[in-house]
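Peer 1: The number in our numbering is simply the position in the sequence shown, starting from 1, with 3 added. Note that CB positions come from ideal geometry on N, CA and C, so glycine has one too.
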Amino acid sequence: MRTDLSGQRAVVTAGAGGLGLVIANTLRREGADVYVCDVVPEAVHSLPDGIFGSVVDVADPEAVDAWLVPIVSDGVDILVNNAGIAGPTAPIEDITTDDWQRCLRVDLDAMFFTARRVIPPMKAAGKGVIINLSSTAGFLGMPHRSPYVAAKFAVVGLTKTMAMELGPHGIRVNAIAPGSINGERMDRVIAAHAKSDGITEEHVRRMYTLGVSMASFVESDEIADMILYLTSDHARSISGQLLAVDGHTETLYPRGFSD
Ligand SMILES: NC(=O)c1ccc[n+]([C@@H]2O[C@H](COP(=O)([O-])OP(=O)(O)OC[C@H]3O[C@@H](n4cnc5c(N)ncnc54)[C@H](O)[C@@H]3O)[C@@H](O)[C@H]2O)c1
């Protein structure tokens, strides 16, 4: 497979750390000029050459506009809506309104804030690729993670609708469902789950693996490679899909195992 993103302009939200940084580095390696935002200033100010960072909270539509409008005025080829927080880990009745709304705001609303700014220049160019990060929690339920699951399911509906609106303009829109990615974020998720259920972290990690046919976590570069494929001409007929890179998740919550 060949990819060459020379001359292309890519935007990646939450791209100065975690999965977003791996995605940004991958797109840059293939020649794209990459624009990222993140909420951690030190991370934004230590990005490699060719990756241009700004301190922006994607949950703030005015800040997103101030960041994106000047970038897209010179054109934009790729948008990766990567930002997404884990949100609270608790039974529904114990979740605060603020925690619920913050999770929906970052994981769902922000995709609308960015998409509405990149779509006009993409339509004018008659081409573009948009990729939204969902999750295995975007097609399977998971107790104690209700706002995250609700947001990630909604991302799939948003993706399918965007694909319908934008397909006639040559713009492809897909969602990705990563499985559990080895790294700090999953370490934090596992710790929160263990605390909420009163079980050990090792128990939770085994539980997450048990629900996967291939009995494994995934690596960030597997997700970045799928994104790279979707940006390429090899994927020219792929739109409106939720593509899982997860070793086939059967369930996020094997009943009885958490007891
Ligand atoms: N890590 C996993 O196992 C996993 C699994 C499935 C889906 N996902 C999804 O993949 C995406 C990336 O996850 P990750 O593992 O890199 O997460 P992460 O928690 O490691 O965060 C990555 C980056 O997001 C930034 N960030 C957080 N809030 C932000 C905001 N409001 N505005 C801008 N930047 C912000 C952080 O500073 C950090 O640099 C998310 O949408 C997540 O839901 C991750």
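#1: With distance defined between alpha-carbon atoms, name the residue in 256, 185, 149 nearest to residue 214.
#2: Please classify residue 9: does DSSP put it in a helix, a strand, or coil?
#3: Under the three-state reduction of DSSP, which class applies to residue 74: helix, strand or coil?
#4: With a CB to CB cut of under 6 Å and the five nearest residues on each side skipped, what residues in its chain are close to residue 195?
#5: So, residue 95 versus residue 234, is the Cβ gap smaller than 9 Å?
#6: Among residues of its own chain, excluding the 5 on either side of residue 126, which ones have a beta-carbon nearer than 8 Å to its beta-carbon?
#7: Comparing alpha-carbon positions, which option in 89, 161, 192 lies nearest residue 114?
#8: Roughly how many whole angstroms lie between the Cα atoms of residue 110 and residue 205?
#9: Looking at residue 181 and ligand 1, is the gap between the Cβ and the nearest heavy atom below 8 Å?
#10: To the nearest angstrom, report how far apart residue 37 and residue 258 are at their CA atoms.
#11: To the nearest angstrom, report how far apart residue 139 and residue 89 are at their CA atoms.
#12: Give the range of the alpha helix (DSSP H) segment to which residue 223 is assigned.
#13: Terminal residues of the continuous alpha helix (DSSP H) containing residue 181?
#14: Quick one: does the C-beta of residue 23 sit closer than 8 Å to a heavy atom of ligand 1?
#15: Using a Cβ-Cβ cutoff of less than 8 Å, which residues in the same chain neighbour residue 129 once the five nearest sequence positions on both sides are dropped?
#16: How should residue 155 be labelled, buried or exposed, when 16 other C-beta atoms within 10 angstroms of its C-beta is the threshold for buried?
#17: Is any heavy atom of ligand 1 found at a distance shorter than 8 Å from the C-beta of residue 258?
#18: Any chance the CB of residue 38 is under 8 Å from a heavy atom of ligand 1?
#19: Apart from the five residues just before and just after residue 149, which ones in its own chain have a Cβ nearer than 6 Å to its Cβ?
#20: Alpha carbon to alpha carbon, how far is residue 73 from residue 42?
#21: Which residue marks the beginning of the beta strand (DSSP E) containing residue 247, and which one marks its end?
#22: What residue does the beta strand (DSSP E) around residue 84 start on, and which one ends it?
Peer 2: In short:
#1: Residue numbering aside, residue 214 sits at position 211 when the sequence shown is read from its first letter. Of 256, 185, 149, the residue nearest in Cα terms is 256.
#2: Translated into the one-based positions of the sequence shown, residue 9 becomes position 6. Residue state, collapsed to three classes: coil.
#3: Here residue 74 refers to the residue found at position 71 of the sequence shown. Note: residue 74 maps to helix in three-state DSSP.
#4: One-based indexing of the sequence shown puts residue 195 at position 192. Taken in chain order, the residues that qualify are 92.
#5: On the sequence shown, residue 95 is found 92 positions in, with the first residue counted as 1. On the sequence shown, residue 234 is found 231 positions in, with the first residue counted as 1. For residue 95 and residue 234, no; Cβs fall outside 9 Å.
#6: On the sequence shown, position 123 is the one that residue 126 refers to. Excluding sequence neighbours, residue 126 sits near 169, 172, 174.
#7: Position 111 of the sequence shown holds residue 114. If we check each option's Cα against that of residue 114, 161 comes out closest.
#8: In the sequence shown, residue 110 corresponds to position 107, counting from 1. In the sequence shown, residue 205 corresponds to position 202, counting from 1. Between residue 110 and residue 205, the C-alpha separation is close to 27 Å.
#9: Taking the sequence shown and counting its residues from 1, the one referred to as residue 181 is at position 178. Yes, the beta carbon of residue 181 sits closer than 8 Å to at least one heavy atom of ligand 1.
#10: Here residue 37 corresponds to residue number 34 of the sequence shown, with the count starting at 1. Here residue 258 corresponds to residue number 255 of the sequence shown, with the count starting at 1. When rounded, the distance between both Cα atoms is 43 Å.
#11: Within the sequence shown, residue 139 is the residue found at index 136, counting from 1. Within the sequence shown, residue 89 is the residue found at index 86, counting from 1. When rounded, the distance between both Cα atoms is 13 Å.
#12: Looking up residue 223 in the sequence shown gives position 220. Run containing residue 223: 223-234, per the alpha helix (DSSP H) assignment.
#13: Taking the first residue of the sequence shown as position 1, residue 181 is located at position 178. From DSSP, residue 181 is part of no alpha helix (DSSP H) but of the beta strand (DSSP E) over 174-181.
#14: Here the question's residue 23 lines up with position 20 in the sequence shown. Yes - ligand 1 has a heavy atom lying nearer than 8 Å to the Cβ of residue 23.
#15: On the sequence shown, position 126 is the one that residue 129 refers to. Around residue 129: 172, 173.
#16: Start at 1 with the first residue of the sequence shown, and residue 155 comes out as number 152. It counts as buried.
#17: Translated into positions along the sequence shown, residue 258 becomes position 255. No, Cβ of residue 258 sits at least 8 Å from all heavy atoms of ligand 1.
#18: As a working note, residue 38 is residue 35 in the sequence shown. No - ligand 1 has no heavy atom lying nearer than 8 Å to the Cβ of residue 38.
#19: Translated into the one-based positions of the sequence shown, residue 149 becomes position 146. For residue 149, where only same-chain residues beyond five positions count, the Cβ hits under 6 Å are 95.
#20: Taking the first residue of the sequence shown as 1, we reach residue 73 at position 70. Taking the first residue of the sequence shown as 1, we reach residue 42 at position 39. Cα to Cα, the separation comes out at about 19 Å.
#21: Taking the first residue of the sequence shown as 1, we reach residue 247 at position 244. 245-248 is the extent of the beta strand (DSSP E) around residue 247.
#22: Taking the sequence shown and counting its residues from 1, one reaches residue 84 at position 81. Note, residue 84: beta strand (DSSP E), 81-84.
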